[in-house]
Amino acid sequence: MKVVATDLDGTLLHSDGTVSPRSRAALARAEDAGATVVFVSGRPPRWIDVLAEEVGSHGLAICANGALVYDVRTREVVEEHGLPGDVALQVAQAIRASVPGATFAIERRLTFGQEPSFRGTWPAPDGTVVAELEELLAEPVSKLVVTHPELDAPEFISRAAAVVGSLAAATYSGHAPVLEVSRAGVSKASALAALCGSLGVDAHDVVAFGDMPNDVPMLTWAGTSYAVRNAHPDAVAAATHRCPSNDEDGVAQVLEHLFP
1 MKVVATDLDG TLLHSDGTVS PRSRAALARA EDAGATVVFV SGRPPRWIDV LAEEVGSHGL
61 AICANGALVY DVRTREVVEE HGLPGDVALQ VAQAIRASVP GATFAIERRL TFGQEPSFRG
121 TWPAPDGTVV AELEELLAEP VSKLVVTHPE LDAPEFISRA AAVVGSLAAA TYSGHAPVLE
181 VSRAGVSKAS ALAALCGSLG VDAHDVVAFG DMPNDVPMLT WAGTSYAVRN AHPDAVAAAT
241 HRCPSNDEDG VAQVLEHLFP
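Written out as structure tokens, the structure reads:
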């Protein structure tokens with residue numbers, strides 16, 4: 001295998017958000033054998049920086065579900081496929097009309113912004129921009145984040161995603177009522193395919209790991225793919241193989257076999 005592409009939360013990371021020594025060693029062994037390790041995440045770059053301090057800098061990371069390619073060593077965004085602000089506003093207005101009470105936030109490269117009514121499932125980062133939606137969407141965004149204070153996840157995600165339609169790409173990666181909206185055609189797979197193309201690597205030389213619906217395109221595209229034992233049924237259906245759970249270091253176990 002020439003490229004190792006792994007999701008982070010629920011896949012490489014333990015449930016407490018840590019990376020085990022076994023996983024760190026397995027990633028290092030893969031790189032020593034000549035493979036390129038790529039983190040492929042819904043996380044924004046600022047959360048990749050925190051992880052890099054623990055697991056080590058592994059070159060490029062695909063962030064925000066494929067909207068950004070981030071150089072972990074230099075901490076710079078090197079490629080971006082943003083959602084145009086006018087399209088994002090159209091999507092937001094359609095969701096709000098169909099699902100009253102929905103609230104919105106945005107990721108834009110290295111910054112985060114939210115409307116005053118937004119209540120995320122995570123603490124707002126330092127430097128958060130709080131503004132009305134029209135102001136937040138005056139420029140392209142890496143992704144639009146939508147949540148609801150009352151509806152449960154399955155109902156909210158189903159209703160909101162149906163409204164997005166072909167205007168943009170909608171996905172989710174957790175158990176909270178949070179929908180993530182990216183530019184149409186953007187996914188973890190689209191960014192990984194482009195990156196591998198620049199390296200001269202075909203899909204059959206890529207092994208990918210994931211656990212949630214936002215990993216499905218990547219798991220389908222890669223020649224070899226693994227859903228961890230704790231994965232969502234959609235990820236299991238998309239992957240070519242299964243492996244032990246994130247808390248059992250499933251990614252590391254596979255890499256130890258591939259790079260003995």
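Note that the UniProt record's numbering gives residue 47 to position 47 of the sequence shown, counting from 1, and the numbers run on in steps of one.
Just so you know, even glycine gets a beta-carbon here, dropped at the ideal spot from N, CA and C.
Keep in mind that this is a model prediction, so the values were computed, not measured.
Kindly give me the distance between the Cβ atoms of W221 and L192, rounded to whole angstroms, as I take these residues to be in contact under 8 Å.
The sequence position of residue 221 within the sequence shown is 221, counting from 1. The sequence position of residue 192 within the sequence shown is 192, counting from 1. Indeed, because the Cβ distance is near 7 Å, the residues count as touching under 8 Å.
Buried/exposed call for P140, threshold 16 Cβ in 10 Å:
Looking up residue 140 in the sequence shown gives position 140. The residue is buried, with at least 16 neighbouring Cβ atoms inside 10 Å.
Take every Cβ of the segment 63-83, pair it with every Cβ of the segment 97-110, and state whether three or more of those distances are shorter than 8 Å.
yes
Who are the Cβ neighbours of H175 in its own chain at under 8 Å, not counting the five residues just before and after it?
The residue you call residue 175 lines up with position 175 of the sequence shown. Result list for H175: A153, in chain order.
Between L12, V186, G101, G34, which lies nearest to A168 when the distance is taken from Cα to Cα?
In the sequence shown, the residue the question calls residue 168 occupies position 168. Looking at the Cα atoms, V186 is the closest of the given residues.
Let me know the secondary structure DSSP gives H204 once reduced to three states.
The residue given as residue 204 occupies position 204 in the sequence shown. H204 falls in the helix class under three-state DSSP.
With distances taken from CA atoms, which of I157, Q93, P125, A162 is nearest E132?
Position 132 of the sequence shown, counted from the start, is the residue given in the question as residue 132. Closest by alpha carbon: Q93.
What does DSSP give as the partner residue(s) for F156 in the beta ladder?
Within the sequence shown, the letter at position 156 stands for residue 156. Looking at the DSSP assignment, F156 forms no beta bridge with any residue, so it has no partner.
Residue span of the beta strand (DSSP E) that contains H241, given as start and end:
Locating residue 241 in the sequence shown gives position 241, where the first residue counts as 1. Unbroken beta strand (DSSP E) run through H241: 241-243.
So, for H148: in the same chain, excluding its five sequence neighbours on each side, which residues have a beta-carbon less than 6 Å away from its beta-carbon?
In the sequence shown, residue 148 corresponds to position 148, counting from 1. Counting only Cβ-Cβ distances below 6 Å, and skipping sequence neighbours, we find G101, A102, F156, P177.
Going by Cα to Cα distance, which pick from L13, Y172, V87, D202 is closest to T36?
Numbered from 1 along the sequence shown, position 36 holds the residue referred to as residue 36. Closest option to T36, Cα to Cα, is D202.
Considering only the beta carbon of each residue, do V179 and A88 sit closer than 7 Å?
Counting from one through the sequence shown, the residue named residue 179 turns up at place 179. Counting from one through the sequence shown, the residue named residue 88 turns up at place 88. Reading off the sequence, residue 179 comes out as Leu, not Val. No, these two residues do not count as a Cβ contact at 7 Å.
I need the straight-line Cα distance from V40 to G250, nearest angstrom please.
Sequence index remark: in the sequence shown, residue 40 carries index 40 (1-based). Sequence index remark: in the sequence shown, residue 250 carries index 250 (1-based). When rounded, the distance between both Cα atoms is 16 Å.
What are the boundary residues of the beta strand (DSSP E) that E107 is part of?
Translated into positions along the sequence shown, residue 107 becomes position 107. 103-108 is the span of the beta strand (DSSP E), which, as asked, contains E107.
I want to see whether chain D comes within less than 7 Å of E132, judged by CB atoms only; does it?
In the structure shown, chain D does not exist; there is a single protein chain.
Bridge partners of Q114, per DSSP?
Counting from 1 along the sequence shown, the entry for residue 114 is found at position 114. Beta-bridge pairing links Q114 to A105, V130.
Reduced DSSP secondary structure (H/G/I, E/B, other) of V19:
Against the sequence shown, residue 19 aligns to sequence position 19. Coil, per DSSP.
Opposing strand residues paired with S182 [DSSP bridges]
Here the question's residue 182 lines up with position 182 in the sequence shown. Paired residue(s): A169.
On a Cα-Cα basis, can you pick out the residue from V4, D49, G42 that is closest to A33?
By 1-based counting over the sequence shown, the position of residue 33 is 33. When only C-alpha atoms are compared, the closest one is V4.
Quick check on the DSSP output: the beta strand (DSSP E) that includes V141 runs from which residue to which?
For this step, residue 141 is matched to residue 141 along the sequence shown. No beta strand (DSSP E) contains V141, which DSSP labels as neither H nor E.
So what does DSSP say about L195, is it helix, strand or coil?
In the sequence shown, residue 195 corresponds to position 195, counting from 1. Correct three-state label for L195: helix.
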